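Chemist: Numbering (UniProt numbering), first residue to last: 1 to 93.
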Amino acid sequence: MSWLQSNVNGELYTSVLEEEYKETLKYYGLQSSDMIFQHDNASIHCASAPSKWFQKNKVKLLSWPAYSPDLNPIENAWAMLKKREQMTRPPLP
1 MSWLQSNVNG
11 ELYTSVLEEE
21 YKETLKYYGL
31 QSSDMIFQHD
41 NASIHCASAP
51 SKWFQKNKVK
61 LLSWPAYSPD
71 LNPIENAWAM
81 LKKREQMTRP
91 PLP
């Protein structure tokens, strides 16, 4: 986790990625090809510098709308599970 003392722009976001992403992969013994990176499409995430960095480092991205309230994947998983369960149960009298 990084604590930043200034406003974040595409270049700063890229420098954080360079350090933190690679350290995380190293720590867990993973390759970039093993991962899918999740971020929203906020302007700093889609700026030229981060976009080029993701391509250069062959990082697979999970697409999300900018500032999506559905960014929490576990909430989506629970909602899908609940919906499936309701479909398999007969309605109560």
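Cβ coordinates follow ideal geometry from the N, Cα and C atoms, glycine included.
The structure displayed is predicted, hence computed values, not measured ones.
What's the gap between the Cα of residue 64 and the Cα of residue 33?
Modeler: Distance between the alpha carbons of residue 64 and residue 33: 20 angstroms.
Chemist: Could you say if the stretch 80-92 and the stretch 49-58 meet the contact criterion of at least three C-beta pairs nearer than 8 angstroms?
Modeler: The stretch 80-92 vs the stretch 49-58: no contact.
Chemist: Report yes if the C-beta distance between residue 37 and residue 16 is below 8 angstroms; otherwise report no.
Modeler: Going by C-beta atoms, residue 37 is not nearer than 8 angstroms to residue 16.
Chemist: Out of curiosity, what's the CA-to-CA distance linking residue 28 and residue 8?
Modeler: Rounded to whole angstroms, residue 28 to residue 8 spans 27 angstroms at the Cα level.
Chemist: Judging by CA-CA distance, which residue of 11, 86 and 84 is the nearest neighbour of residue 46?
Modeler: Checked all of 11, 86 and 84; the closest Cα to residue 46 is 11.
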